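In the UniProt record's numbering, the protein residues as written are 1 to 957.
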């Protein structure tokens, strides 16, 4: 026992080179064998070696809390705090301690909310990511089971197959060589071949083959773990962070310009006193900075990520949410995504090509070339056709099984029968099987005819072949291959795929089918799903197609306008994504296999579908936990809603910065009105508390792909902010320079010059600014009229609570330190009425801004489907028009150059009428063409003396 413990201690201390010593010595040092460990033994080793994962640096909660005060926007507030006690200490007055305390309180409140919300979101995200923890197939207690890779220990026997990420450093046991991708560890661009006895590293990917291995190192003791300890993680600045920085810089620059103007006018020109001037500068600093912006946006994204996970889409990269909101092209797998991946075989349709063989024998041979455990969909279907699955291995001795790989596209089993003779049976893609057949030239025409017949009915073909291995060696090439038969596989479309594709089109997302199946199968599936049938073979991607209509189009344009591609290999997927991105599309790509990883990595949004391999999950941005396309489209809608919340807030934040800077600057410079900085702090605190609820606001997702348009955000913010600033200036002028309010509403006049009247005027301005500023969020959150799109309950509740507090302060507060005095309920009612009246034009201004930027805003006013109902079919006709134009262009019915004519037109009614006319003419032309084609076909059939009725049973026009 002591010797055993000493050996394991030596392994723990890495005093034994397990990577290079003979394999048998590895078993001796690890005190294990090829039968694996017991659960009790594994538990002891887990206590000794620890979990098989890298130690995460635990961040101090306190330092994390302080981190929320360390960003450019917080720096400005901290500068304002220093300014309040250092620069304000003059002019015969003490330091401005109340403002200093208020600023620090605002920072602490903001950081506390940020810390709590992000901590909650982080815990939720950690729980979700735990569902994506890598698994490993391990042999324990004499049985194979799938366990979390984290509990692996040295001495465990694991199984490695294509698509797996190696869970720990290991030595390979007996079996065929593997192709291992070590690029993530060593930088080698090409996969390396690893055979029995060779070592494989944790984190590398199995590209081909299947074999068992013994674990020699886990966790920090692995090659990857040691390398990770030598370097610190690097934080890349993502697009979201750049947008956040740009908006923050815009706000800071706006404040800086306002402060410079105030300094120049107040001191050299107006010769104002020192202390009031500093107070006015503090007002701009405190009120203009959107201190809550980083928190609101991050928390909104984190909460949205949790909501996506509840819908079956786990977000690995948070900023993928904003990219999914802008996705306009989705390249989707057919099998398992558009279809059920529940295959069936119609036994009566099986075609036999070998004499002396019947359909049952073809099924048995196909079952022998299948796995009996750890099966894929095809293996499970074939073996399931047997009366008893055990028949697949009954009466034979398995010698070697060749698993499926994307290169050979087939599986094979070498076995010895009851008479001691060695045979090999194989099943796979018909093209690959046919190429191996000894009589290919004799049967090729018939094989292809059967394949085409199956394909026209939407059936995939699976070929079966066998041969003898006379010399009895598994490495032997064997005798000539005999092509045995073809099995038809039917994969029915999902019941919701057609409706989901229609929804995607209405949302401005073009779904392209990317399939490895034959072109005819792809077209038939597309027809059943209601997709466009302009699908092309993968050869068209390389410009190798001989079809003149395809050759005439550039490859980029072909990819953009096609509805899908068939016969696609993983490298084709990468090329499709690359070319779509070159044409400025935000492209999503689904995948499930190791060879899909490059395309998933290249895509703007890589989506690993349900039951995908570790490699695909690792390369993706979003991992689906539910099958089907509907999960993706639901995720698109949710992402757009999340993005809409963030966009709404950024417009609001920019608007408030402009309204505070411009409004209070004009009051200070025109009437020398010194607004108390402390009251701006109150506005900021109440606003920040309210605006946090926008992360859970009820919003209507954009009907079209959305993205960050900084010009729109800044333009909208500047115009809305300027309008609000002018409303404050006008209110101040009417209240201070006229008797309109006292005369009409019988309230106390504020025209006097006594100090009390200035304090009451400050209270009035405070309430006017507070209510209309916070009400602005209801305008920026809606695409249409703000009173039509119902906001979330939390937002409305927070708004009324905050403004009730603001009203009570304005009515009753007599704060000498803040230079305000209560104005009574009469003035409060006047201010609320004034703000309601001037709130109403905000929607019209919003439409005008959007019209000026895009020319389409009035559609939102006049289009009842958006403004006055909840229907979500906005943009359908436009998308149909684009599709019709694309189809006419792709078939040469309309020159591509004329597309510019349609882009320049802004009357959608005219465009839709034109589209209807084009569709009507195209339908007439199609019917004429079909009539002509049918007549020609009948003539040819009669000339050849063929049976027309028999032909029409198989082929229809």
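Positions of the beta carbon are idealized from the N, C-alpha and C atoms, including for glycine.
Keep in mind the model is a prediction, meaning the values are calculated, not measured.
Beta strand (DSSP E) containing residue i: first to last residue?
i, result
"residue 433", "It is not in any beta strand (DSSP E) - residue 433 instead sits in the alpha helix (DSSP H) that spans 430 to 436."
"residue 318", "No beta strand (DSSP E) holds residue 318; DSSP gives it neither H nor E."
"residue 608", "605 to 608"
"residue 536", "535 to 537"
"residue 140", "135 to 140"
"residue 540", "Premise fails: residue 540 is in no beta strand (DSSP E) and is neither H nor E."
"residue 565", "564 to 566"
Cutting at 7 Å between CB atoms, please list the residues of its own chain near residue i, excluding the five before and the five after it.
i, result
"residue 328", "508, 509, 510, 585, 586, 705"
"residue 240", "319, 322"
"residue 819", "676, 759, 762"
"residue 416", "396, 397, 399, 422"
"residue 791", "697, 698, 778, 781"
"residue 904", "Residue confidence for residue 904 is low, a pLDDT of 45 falling below 50, so the modelled location carries little weight; the figure read from the coordinates is stated next. The answer is none, since no qualifying residue turns up."
Just to confirm before moving on: does the CB-CB distance between residue i and residue j stay below 8 Å?
i, j, result
"residue 657", "residue 588", "no"
"residue 562", "residue 518", "no"
"residue 619", "residue 606", "yes"
"residue 459", "residue 343", "no"
"residue 504", "residue 642", "no"
"residue 833", "residue 807", "no"
"residue 77", "residue 291", "yes"
"residue 213", "residue 247", "no"
"residue 501", "residue 529", "yes"
"residue 520", "residue 431", "no"
"residue 444", "residue 434", "yes"
"residue 484", "residue 357", "yes"
"residue 312", "residue 590", "no"
"residue 638", "residue 307", "yes"
"residue 465", "residue 436", "yes"
Using the DSSP secondary-structure output, state which residues sit across from residue i in a beta bridge.
i, result
"residue 331", "512, 589"
"residue 178", "194"
"residue 401", "413"
"residue 206", "180"
"residue 145", "138"
"residue 466", "425, 482"
"residue 621", "DSSP, once it has assigned bridges, lists no residue as partnering residue 621."
"residue 217", "169"
Given a threshold of 16 other Cβ atoms within 10 Å of its Cβ, counted over all protein chains shown, does residue i qualify as buried or as exposed?
i, result
"residue 852", "exposed"
"residue 844", "exposed"
"residue 482", "buried"
"residue 351", "buried"
"residue 475", "exposed"
"residue 263", "exposed"
"residue 480", "exposed"
"residue 560", "buried"
"residue 346", "exposed"
"residue 75", "exposed"
"residue 407", "exposed"
"residue 170", "buried"
"residue 708", "buried"
"residue 325", "buried"
"residue 61", "exposed"
Starting from residue i, follow the alpha helix (DSSP H) in both directions and report where the run begins and ends.
i, result
"residue 575", "570 to 582"
"residue 359", "359 to 368"
"residue 811", "793 to 812"
Excluding the five sequence neighbours on either side, which residues of its own chain have a C-beta within less than 6 Å of the C-beta of residue i, listed in chain order?
i, result
"residue 646", "297, 300"
"residue 628", "494"
"residue 900", "For residue 900, the predicted model reports a pLDDT of 48, less than 50, meaning its position is unreliable; a value from the coordinates is still stated below. Closer than 6 Å at the Cβ level, and outside the excluded window around residue 900, lies no residue."
"residue 604", "323, 586, 587"
"residue 601", "619"
"residue 771", "803, 835"
Looking only at its chain, what residues have a beta carbon closer than 8 Å to the beta carbon of residue i, apart from the 5 residues adjacent to it on each side?
i, result
"residue 12", "48, 49, 221"
"residue 748", "742, 760, 823, 824, 826, 827"
"residue 43", "none"
"residue 535", "513, 519, 522, 523, 526, 562, 563, 564, 565, 566"
So does residue i have its beta carbon nearer than 7 Å to some heavy atom of the ligand FMN?
i, result
"residue 431", "The ligand content of the structure shown is nil, which means the ligand FMN is not present either."
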